[in-house]
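Chains as they are written, first to last, in this note's numbering: chain A, 1 to 214; chain B, 1 to 537; chain C, 1 to 398.
Beta carbons: idealized from backbone N, C-alpha and C, even for Gly.
These numbers were taken from a predicted model, which means no experiment stands behind them.
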Amino acid sequence: MALTLRGVSVSLQGRDIIKAFDLDIASGEIVTLMGASGSGKSTLLSFIAGDLAGPFSARGHIMLDGQSLGSLPPERRHVGRLFQDDLLFPHLTVGENLLFGMPRGERASRISRMEAALADAGLEGMAERPPHTLSGGQRARVALMRALVAEPKAMLLDEPFNKLDMELRGALRAFTFDHLRDQQIPCLMVTHDRSDAPAGGRVLLLKDSMERDD
Amino acid sequence: MKVKTIAGALPLGVLWGLPLMAALVLGVVRGVDADAWRALFEHPQLWPALWLSLFTGIAATGLSLLCTLIILAGLYRTRLWNALQPMAAAGLALPHLAFAIGFAFLVAPSGLLARLAVGGTQPPQWSTIQDPWGLALIAALVLKEIPFLLVTGWSALSRGDQAAHLDGQCRAAASLGHGTGSAWLRIVQPQLLSHLRWPLVIVFVYGSTVVDKALVLGPTQPPTLSLVIWNDLNDAETATNLRGLAGAFFMSLALGLMLAASGLMKTFMARLARPLLSAGPSLASAPKRVAAILGGGVVLLSGVVTLLLAVLSVSPRWPYPAIWPPVTGTKAWLSLFATPAPLWTSLALAATTAVVAVLVAIIWFETQDPSRDRYLLVPALFSLAIPQLVIGGGQYGLFLTLGLVGTPTGLFIAHFTPVMAYVAIVLAGPWRGFDNRYMAAARALSSTPLRNVLRIKLPMLKAPLLTAAAVGFGVSMVQFVPAQLAAAGRYSTLPMEAVTLTSGGNRSLTAAYALALAIPPLIVFLAAGLLGRPRWR
Amino acid sequence: MTPKLSRRGFTGLAASLPFIGMAKADEGWSAIEKEASGQTVYFNAWAGSPQINDYIFWAGLELKAQHGITLEHVKLSDTAEAVRRVRDEVTAGKADGSADLIWINGENFRTMKRERLLFGPFAEDLPNFALVDVDGKPTTRVDFAEATEGLESPWGMAQLTFFGDFANVEEPPLSMMELLERARVNPGTITYPAPPDFHGTTFLKQVLAETMTDRSMLAVSVTKEEFVEASAPLFGFLDKLHEHLWREGKQFPPTQAQMTQMLADNELLLSLTFNPNEPANLVANGMLPQSTIAWQHDIGTIGNTHFLAIPINARAKAAAQVTANFLLSPKAQGRKANLKIWGDPTVLDLDKLTPADQALFDTTSTPGALLDPAPTIPEPHGSWVPLIEAAWLERYGA
């Protein structure tokens, strides 16, 4: 699996704020994208995910495993996302949140996969709990597991650790990267914090044009 | 804190709670009469009429909910979403009676559709209005309740904070492989339904107890129970009046039972639907086409009905099979404007009651713990669930004792009671659903609590506030039974004139009054929709 | 158009009353007129018709100019509202009531009289009462079998009348049997309002009067057992009639007003009214075509009188009496009888009037006018009405 961007640019009211650039992210690779606020980082993620809206527009080709995502709606792209907020569905239990994104299949096997994922995240027995009864760190892990059990072919992280305290942050970062690498998912992460980037990973800096900085 | 709680509850208690409670007690005292209850149960139409009333109420509620959900699902997160509110508000402004008159002329055997489709010299022998099943009544109710549910649903989903949360959740759902339809069904709709609970109760009670609309469109043998009661209450014989009162209580009881049963149903359905929510991703997209057809149909029909009313108001005579009235004239409108006092009285009452109700509601919400809201909402719903004749009768007894009959105070309270109930219900959800972190943030900026409410909360809740005020205005404009009792002929309002004229059957004049009743709320609703549009989106 | 004054009739033997003292001395009346000046009369009157409302508005202008009285029309959709209001006020001990004058008759009057809610006697002391045709129109002193005893002042006359478009009913049915025949020929075009609507109940009374073998029974009280036997022809007739009616007699229009609208829309062949001049008035106002005709059944039709009464707790009793007297004047009665204004038949005896006053009555016929008046059949005794309505409801109500 690989995520490929060709000639992608982002513009605001006709003015390019990200000039056309190419990017290849290999299986299990985590690329970090940094830049000032308003530099178009999140817009780029929305463009890749397919739900770009508002004053920004973007052009270019996105390919996943050599297949163009073209004008596919977000739900057909198999591109997972983690947001700044965990966005757990408040009316569903923790377990139901996981099942929500898990591909359809036999109910018993789905439930056992859900329970396994919760156990993996150290959340055994919490399937029946409503999300608001969990701590911030627990919720963040549920959000990650929810994204992973949906079997994404690529992952976009939009400052997912931003709202966690330092201690949790390190642990969750490691937990997330381990899982993405284990499952060989190409990942593009947007962050403000350089220390979020995995050791030895590529870091891209968004200025006037795409710059590489390793 | 204690002082604040008491002081904050005071305006509501004095203006609304106490009069309502006293009215209920007096109403109940008047309704207790063993002979009347015996006579009621000997009434040959009681059971078939009750069944008809419940049937029309349930069918109208179910169908309008279904259509509303489809329309909302199809338009949610599309460009048409913000156009929905003013459109629905416009439909909401048309009073039920006005709609019924226009709708009847559209579908009746001698109506416009038959003239276009059948023609000939004699109208076809259709049962398109006053049919034994009440289908015409149900259709007219559904067409009027869809805009009401759309407006409430729209405001629940468009509230600043809630809209942002749902937007994020929908993006998350899409990234997990859910199509727009699936995300709506599994994420938005379950969270929306809890906001629609009280509006649905109102729709059900209204649909089961409506009098004026049933007179125009409903079955006659047997009629709905509300008409059986109405006939009894209009009798000069005290014994028959008492049977009517007993009937009104019996009906309230039956409605209460139905609502309790629907509560159980809801729990059961929710359990049944649970596996559906976590069944996994589906690419189903939102029913945009069906929504467009449904929504367009409602808009088209409401427009046609309004136009028909306009034409009817200038045509004293319009016999079958003419497609256009043979004679037209402005006599009806001249007659309306010859006595403008009722119009001004109605407008003044609607504006004051709506504004006061919104203020009183804000004071309550800001001074009371959310757990105490049941002391406001339960009586509010209760007051709407009880036939107006019971409340009106009790209130009238109270006013007689206090010497308020025929006074501006009495008239104000008679209008204020239902307006306050509607405003509280419409406002409670958005107000309590407000994300208090904004207030915490504002407080952290060492701003005073009052300033925070004025500068943060009120602007953020502008849309629901304006909607609530517009609903209050519209409710006040159509008050009839309690208002007429309280006015005792000293004051006249537009609906009083309209209902009186309906009894004479002058269709052109009735149509003119129906339009006169519809236009002020229409303006207010449109204004509320335009002013309430959030600036940050 | 026809006032919905009460929903039930009540009649009986033409009760003869002790004659209540003829008009008081003139100075007595002028004292009343003096007291009346400056008072406001809250006139509670059915207001479903713009023609009637306009007429009352005109009366207000006249009263202001002639007597300095302000007339406020309290618009009612059902007179029972006013009856209830007065009763509630009196029960609550409210001496300054909200109603000064009520347009009333039948059951509402009977109720108010029996509950002692009426001021009076005053009616026969009004100067203009001398002009009333008490002999030719005995119902001016006997309201649905209840003696008025001066507690209400006669205002207008009513008699069951049918009407339709001559283009569709060239030979109008002049009896219930002919009506049945007509319904057979034109199924689905004839109906009547569902009782207990006033007009619906009156239609049933008319059928009863036409089908009974011994009509004199109607004048006296009836028991349930007697009723079952006496009403057999009524329900036998209805059983035959209903299958040919609009909606096969399974649904009925709720009001006479709706029936008239259905006639105007060509959905029905005919409608009915209690005001013989209503059809002509509807033609004059453009609601019905010029070819409209009105008729009554050969044998006669049910008729009565409507009145004005003053509640016992009225504030402006003097002005209310002056108003009632004015409304009895040839000027007011003549205008009221005018087909283009209202068309309500007068209670006065035209022979008692001066030629100048007689000239106030426009006797020229207009389209829609009743050409061939039939005799009046008095309202049946009150005990018949609840039995008819209950039996009808039992058979056809559900």
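Cα-Cα separation, residue i to residue j
i: Ile257 of chain C; j: Pro222 of chain B; result: Inspection of the sequence shows that residue 257 of chain C is occupied by Ala rather than by Ile. Going from the Cα of Ala257 of chain C to the Cα of Pro222 of chain B covers about 19 angstroms.
i: Lys24 of chain C; j: Thr330 of chain B; result: With a pLDDT of only 44 at Lys24 of chain C, under 50, the local geometry of the prediction cannot be trusted, and no value is derived from it.
i: Gly101 of chain A; j: Pro198 of chain A; result: 27 angstroms
i: Ala23 of chain B; j: Thr353 of chain B; result: 19 angstroms
i: Gly120 of chain B; j: Leu276 of chain B; result: 54 angstroms
i: Gly303 of chain B; j: Gly286 of chain C; result: 27 angstroms
i: Val419 of chain B; j: Leu64 of chain A; result: 58 angstroms
i: Ile69 of chain C; j: Gly474 of chain B; result: 37 angstroms
i: Ala407 of chain C; j: Ser271 of chain C; result: Lying before the first or after the last residue shown, residue 407 of chain C is absent from chain C, which here runs from 1 to 398.
i: Asp100 of chain C; j: Leu63 of chain C; result: 15 angstroms
i: Met217 of chain C; j: Ala82 of chain C; result: 33 angstroms
i: Leu192 of chain B; j: Asn162 of chain A; result: 30 angstroms
i: Phe399 of chain B; j: Ala45 of chain C; result: 23 angstroms
i: Ile20 of chain C; j: Glu124 of chain C; result: Low per-residue confidence applies at Ile20 of chain C: pLDDT is 38, beneath 50, and the placement is therefore not dependable, though the value from the model is reported in the following sentence. Cα to Cα, Ile20 of chain C sits roughly 7 angstroms from Glu124 of chain C.
i: Ala528 of chain B; j: Gly91 of chain B; result: 14 angstroms
i: Ala385 of chain B; j: Leu63 of chain B; result: 20 angstroms
Cross-chain neighbours of residue i in chain B, by beta carbon under 7 angstroms
i: Glu171 of chain C; result: Neighbours of Glu171 of chain C on chain B: none; closest Cβ ~18 angstroms, over 7 angstroms.
DSSP three-state assignment for residue i, whether helix, strand or coil
i: Phe83 of chain A; result: coil
i: Pro109 of chain B; result: coil
i: Ala20 of chain A; result: strand
i: Thr79 of chain C; result: coil
i: Thr148 of chain C; result: coil
i: Ala2 of chain A; result: coil
i: Asn304 of chain C; result: strand
i: Pro187 of chain C; result: coil
i: Ile32 of chain C; result: helix
i: Glu106 of chain A; result: coil
i: Ile62 of chain A; result: strand
i: Asn44 of chain C; result: strand
Any chain B beta carbon closer than 8 angstroms to residue i
i: Asp85 of chain A; result: yes
i: Phe100 of chain A; result: yes
i: Pro367 of chain C; result: no
i: Val86 of chain C; result: no
i: Asp239 of chain C; result: no
i: Leu92 of chain A; result: yes
i: Glu182 of chain C; result: The question names Glu, but residue 182 of chain C is Arg in the sequence shown. Judged by the 8 angstroms Cβ criterion, Arg182 of chain C is not in contact with chain B.
i: Asp22 of chain A; result: no
i: Val79 of chain A; result: yes
i: Leu393 of chain C; result: yes
i: Asp51 of chain A; result: yes
Proximal residues of chain E, C-beta to C-beta of residue i below 7 angstroms
i: Met477 of chain B; result: The question asks about chain E, but that chain is absent: this structure's protein chains are A, B and C.
Contact list for residue i against chain C, beta-carbon separation under 8 angstroms
i: Met496 of chain B; result: Lys75
Proximal residues to residue i (C-beta, below 6 angstroms), its chain only, five neighbours per side dropped
i: Pro160 of chain A; result: Leu82
i: Ser110 of chain B; result: Pro123 and Tyr320
i: Met22 of chain C; result: Because the pLDDT of Met22 of chain C is 41, which lies under 50, any placement of that residue in the model is unreliable, and the number read from its coordinates should be weighed accordingly. Counting only Cβ-Cβ distances below 6 angstroms, and skipping sequence neighbours, we find nothing.
i: Pro495 of chain B; result: Val478 and Phe480
Minimum Cβ-Cβ distance from residue i to chain C less than 8 angstroms
i: Ala488 of chain B; result: yes
i: Arg507 of chain B; result: yes
i: Asp212 of chain B; result: no
Chain-ordered neighbours of residue i on chain A, where CB pairs are closer than 8 angstroms
i: His178 of chain B; result: Glu75, Phe100 and Gly101
Chain A within 8 angstroms of residue i, Cβ atoms only
i: Arg437 of chain B; result: no
Closer than 7 angstroms at the beta carbon, the chain C residues around residue i
i: Thr500 of chain B; result: Ala47, Gly48, Lys75, Leu76 and Ser77
Interface partners of residue i on chain B, CB under 8 angstroms
i: Tyr192 of chain C; result: What Tyr192 of chain C touches in chain B: nothing, since even the nearest Cβ is about 12 angstroms away.
i: Phe252 of chain C; result: Thr220 and Gln221
Same chain, Cβ closer than 7 angstroms to residue i, five either side skipped, listed in chain order
i: Leu164 of chain A; result: Gly136, Gly137, Ala140 and Leu172
Chain-ordered neighbours of residue i on chain B, where CB pairs are closer than 9 angstroms
i: Asn281 of chain C; result: Chain B residues near Asn281 of chain C: none, gap ~11 angstroms exceeds 9 angstroms.
i: Gly343 of chain C; result: None at all; the shortest Cβ gap to chain B is about 14 angstroms.
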